[in-house]
Amino acid sequence: MDDALLDLYSARMKALGTEVREDRRLPAPTVTVKRRSPLCGSQITLDLLLDDAGRVAATGYAVRACALSAAASAIVITAAVGCDVVELRQIRDLVRAMLKGEEVTFPGGRWADLEILRPAQMVRSRHGSAMLPFEAAVEALERAPETGLETGLETGSGTTPENEFSPAAGGTA
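Numbering (UniProt numbering), first residue to last: 1 to 173.
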């Protein structure tokens with residue numbers, strides 16, 4: 001294994017990945033989104049419960065993913081609580097910019113673990129895996145009935161639109 005891959009699969013990344021091994025779905029989410037990465041087959045089902053202000057009040061999940069997607073999912077699942085769509089878009093865009101090689105400074109606090117994703121910058125084939133949960137979270141907030149937003153999927157991320165979307169009333173789009 002080369003140095004870039006060794007750096008990528010750090011002990012902290014592995015530890016984060018273990019946090020999402022068991023499914024923890026929400027019984028009555030506001031919105032559920034399912035995303036899949038075609039390259040590695042990683043899949044995340046993300047449940048969000050939103051408060052009256054459109055902020056994430058609780059998260060639920062089912063993650064079937066590689067170590068990188070699992071670790072990124074653990075970060076999003078934990079740190080998204082309290083966020084609105086604007087903040088999650090900013091975080092998603094920072095991660096995407098970092099993966100493209102841009103110099104970015106990640107916020108500290110609940111987002112401090114974003115630093116463990118930095119080695120993925122050197123392994124282009126893993127970018128879609130790293131982005132998977134960030135895109136799922138933004139998509140969920142954009143599609144949630146309470147936000148009033150109905151924007152399309154981002155392109156060029158390495159994830160596919162073979163995703164499922166379920167508002168609180170049920171259904172798939």
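Cβ coordinates follow ideal geometry from the N, Cα and C atoms, glycine included.
Residue i at chain D interface by Cβ criterion, 7 Å
i, result
"V86", "Judged by its chain identifiers, the structure shown contains no chain D, having just a single protein chain."
Simplified DSSP state of residue i, which is helix, strand or coil
i, result
"K100", "coil"
"V123", "coil"
"V56", "strand"
"A144", "coil"
"E139", "helix"
"E19", "coil"
"S10", "coil"
"T105", "coil"
"G128", "helix"
"A72", "helix"
"D84", "coil"
"P29", "coil"
Cβ distance (whole Å) where residue i is taken to contact residue j below 8 Å
i, j, result
"P133", "L46", "7 Å"
"V31", "A136", "No, V31 and A136 are not in contact; Cβ-Cβ is about 11 Å, not under 8 Å."
"M13", "A67", "6 Å"
"R24", "Y61", "6 Å"
"residue 182", "I77", "The displayed coordinates of the chain run from 1 to 173. Any statement about residue 182 would go beyond what the structure contains."
"A130", "L141", "19 Å between Cβ atoms; not a contact."
"G101", "Q121", "6 Å"
"S125", "L39", "7 Å"
Nearest neighbour of residue i, chosen from the options [CA to CA]
i, options, result
"W111", "R126, L94 and A53", "L94"
"R21", "A71, R36 and Q90", "A71"
"Q43", "A144, G128, L141 and R143", "G128"
"R89", "A28, E139, R36 and S10", "E139"
"E19", "L39, R55, S73 and C83", "S73"
"L99", "L114, G108 and V86", "L114"
"D52", "D84, A28 and V123", "D84"
"P29", "P38, A65 and L48", "L48"
"A11", "P119, A97 and R126", "P119"
"G41", "A65, V123, E87 and T105", "A65"
"R35", "S69, V104 and R96", "S69"
DSSP beta-bridge partners of residue i
i, result
"I44", "R35 and V63"
"R24", "Y61"
"L50", "V56"
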